[in-house]
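K.L.:
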Amino acid sequence: MKPVVFTNLATELWPELHHRRLVYSSPVMRGDDDGDLFVRHSGVGASGENPCVTWVTGLPNTSYKPESAVENLKVRIYETVILPVVVYDCETWTLTLREENRLRVFENKVLRKIFGAKRDEVTGEWRKLHNTELHVLYSSPDIIRNIKSRRLRWAGHVAGMGESRNAYRVLVGRPKGKRPLGRPKRRWEDNIKMDLREVGYDDRDWIDLAQDRDLWRAYVWAAMNLRVP
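Using our numbering, you'd call the opening residue of the sequence shown number 1 and step up by one each time.
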């Protein structure tokens, strides 16, 4: 199987860096005294040439740490390559608490691969990072915060469309007939109300609230940056 080739990946991640090509195939990264990041890939290129050796230059020498630079690069790859694929079309998802927990478990596994293990100060043994330690190291909003903010942003967009749009008619319409017996399944609108309740809005008529774009944008920002223990 040929390795995946990312063209100008580091240039997209860090505009001040110079990068020609990155072949994702078991990379080995290290730093040197000049503040450059050396990336060597054990796999062959897409056309069968020799292993790709890449220099990423332009890193500052003052506070440069090879380990943190590699971790930052891995985090940026996760946020720009992996995360968008996982949360694709999440604006229309209806998530239960069990599904949210499974998404958190997935992200924590990825972050543990990125940040590695930690040596215990008492026993001296290596152990996995706890969830609270991962949240401290990964300062960006977690995957659930991303999903909820995107869902609220899409809900505000649909609420402002008006009755002439099909998406708005589906939102406010009510199907005819009887529902089956048993507890009703969680609806997409139920998720919207729960997301708003988390950021302090407990009124049922959220569609009228979405007409105020600035206020709704503030709720979307609050849902993205809310820290839940």
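We put the CB at the ideal spot given by N, CA and C, even for glycine.
These numbers were taken from a predicted model, which means no experiment stands behind them.
1) On the criterion of 16 or more Cβ atoms from any shown chain inside 10 Å, does Lys148 qualify as buried, or is it exposed?
2) Note down, in chain order, each residue of its chain lying with its Cβ closer than 6 Å to the Cβ of Arg119, except the 5 sequence neighbours on either side.
3) Could you round the C-beta distance between Glu91 and Arg151 to whole angstroms and report it? I think they count as a contact, below 8 Å.
4) Can you give me the C-alpha to C-alpha distance between Asp212 and His157, rounded to a whole angstrom?
5) As a quick exercise: from Ala155, Asn108 and Leu95, pick the residue whose alpha carbon is nearest that of Val136.
6) By DSSP, does Trp93 sit in helix, in strand, or in coil?
7) Express the C-alpha separation of Leu73 and Asn225 in angstroms, rounding to a whole number.
8) Return the first residue and the last residue of the alpha helix (DSSP H) that Asp203 is part of.
9) Whole-angstrom Cβ separation of Arg145 and Ala210, contact assumed at under 8 Å?
10) For Lys109, which of helix, strand or coil comes out of DSSP?
11) So what does Arg153 bridge to, in DSSP terms?
12) If you draw a straight line from the C-alpha of Leu111 to the C-alpha of His130, how long is it?
13) Would DSSP call Arg127 helix, strand or coil?
14) Determine the direct distance from the alpha carbon of Asp190 to that of Leu171, and round the result to whole angstroms.
15) Looking at the unbroken alpha helix (DSSP H) that takes in Lys193, where does it start and where does it end?
16) How about Ala167 and Met161: do their beta carbons lie closer than 7 Å?
17) Identify whether Lys74 lies in helix, strand or coil by the three-state DSSP scheme.
18) Express the C-alpha separation of Arg183 and Pro84 in angstroms, rounding to a whole number.
19) Do Thr94 and Trp188 have their CB atoms nearer than 7 Å?
20) How is the alpha helix (DSSP H) around Ala223 delimited, first residue to last?
21) Measure from the alpha carbon of Ile114 to the alpha carbon of each residue in Asn101, Arg76 and Asp142, then state which is nearest.
22) Take Arg186 as the anchor and find which of Ile82, Tyr78 and Arg98 has the nearest alpha-carbon.
P.N.:
With the structure as the only source:
1) Looking up residue 148 in the sequence shown gives position 148. With 16 or more other Cβ atoms inside 10 Å of its own Cβ, Lys148 counts as buried.
2) Counted from its first residue, the sequence shown places residue 119 at position 119. These residues qualify, in order along the chain: Trp126.
3) Against the sequence shown, residue 91 aligns to sequence position 91. Against the sequence shown, residue 151 aligns to sequence position 151. Glu91 to Arg151, Cβ: 5 Å. Contact.
4) Translated into positions along the sequence shown, residue 212 becomes position 212. Translated into positions along the sequence shown, residue 157 becomes position 157. Their Cα atoms are separated by approximately 11 Å.
5) Here residue 136 corresponds to residue number 136 of the sequence shown, with the count starting at 1. Taking only the C-alpha atoms, the option nearest Val136 is Asn108.
6) Locating residue 93 in the sequence shown gives position 93, counting from the first residue. Three-state result, Trp93: coil.
7) Numbered from 1 along the sequence shown, position 225 holds the residue referred to as residue 225. Numbered from 1 along the sequence shown, position 73 holds the residue referred to as residue 73. So the alpha carbons of these two residues sit roughly 22 Å apart.
8) The sequence position of residue 203 within the sequence shown is 203, counting from 1. That residue, Asp203, is in no alpha helix (DSSP H); it is neither H nor E in DSSP.
9) Position 145 of the sequence shown holds residue 145. Position 210 of the sequence shown holds residue 210. Taking C-beta atoms under 8 Å as the contact rule, Arg145 and Ala210 fail to qualify, at a distance of about 20 Å.
10) Walking along the sequence shown from the start, residue 109 turns up at place 109. The answer is helix: DSSP assigns Lys109 an H, G or I state.
11) Counting from one through the sequence shown, the residue named residue 153 turns up at place 153. Note: Arg153 is not bridge-paired with any residue in the DSSP secondary-structure output.
12) Position 111 of the sequence shown, counted from the start, is the residue given in the question as residue 111. Position 130 of the sequence shown, counted from the start, is the residue given in the question as residue 130. Each residue's Cα considered, the two are about 11 Å apart.
13) The residue you call residue 127 lines up with position 127 of the sequence shown. It is a strand residue.
14) Along the sequence shown, read from residue 1 onward, the residue named residue 171 stands at position 171. Along the sequence shown, read from residue 1 onward, the residue named residue 190 stands at position 190. Between Leu171 and Asp190, the C-alpha separation is close to 12 Å.
15) Residue 193 sits at position 193 when you count from the first residue of the sequence shown. Lys193 -> alpha helix (DSSP H) spans Trp188 to Glu198.
16) Within the sequence shown, residue 167 is the residue found at index 167, counting from 1. Within the sequence shown, residue 161 is the residue found at index 161, counting from 1. In this structure, Met161 lies closer than 7 Å to Ala167 by Cβ.
17) As a first step, residue 74 is located in the sequence shown; it is residue number 74 there, counting from the start. Residue state, collapsed to three classes: helix.
18) Translated into positions along the sequence shown, residue 84 becomes position 84. Translated into positions along the sequence shown, residue 183 becomes position 183. The C-alpha of Arg183 is placed about 33 Å away from the C-alpha of Pro84.
19) Reading the sequence shown from its first residue, position 94 is the one you call residue 94. Reading the sequence shown from its first residue, position 188 is the one you call residue 188. Between Thr94 and Trp188, the C-beta spacing is below 7 Å.
20) The count along the sequence shown starts at 1 and reaches residue 223 at position 223. Run containing Ala223: Arg213 to Asn225, per the alpha helix (DSSP H) assignment.
21) As a first step, residue 114 must be located in the sequence shown, where it is residue number 114. Nearest Cα to Ile114 within the set Asn101, Arg76 and Asp142: Arg76.
22) Position 186 of the sequence shown, counting from 1, holds the residue named residue 186. Nearest C-alpha to Arg186 among Ile82, Tyr78 and Arg98: Arg98.
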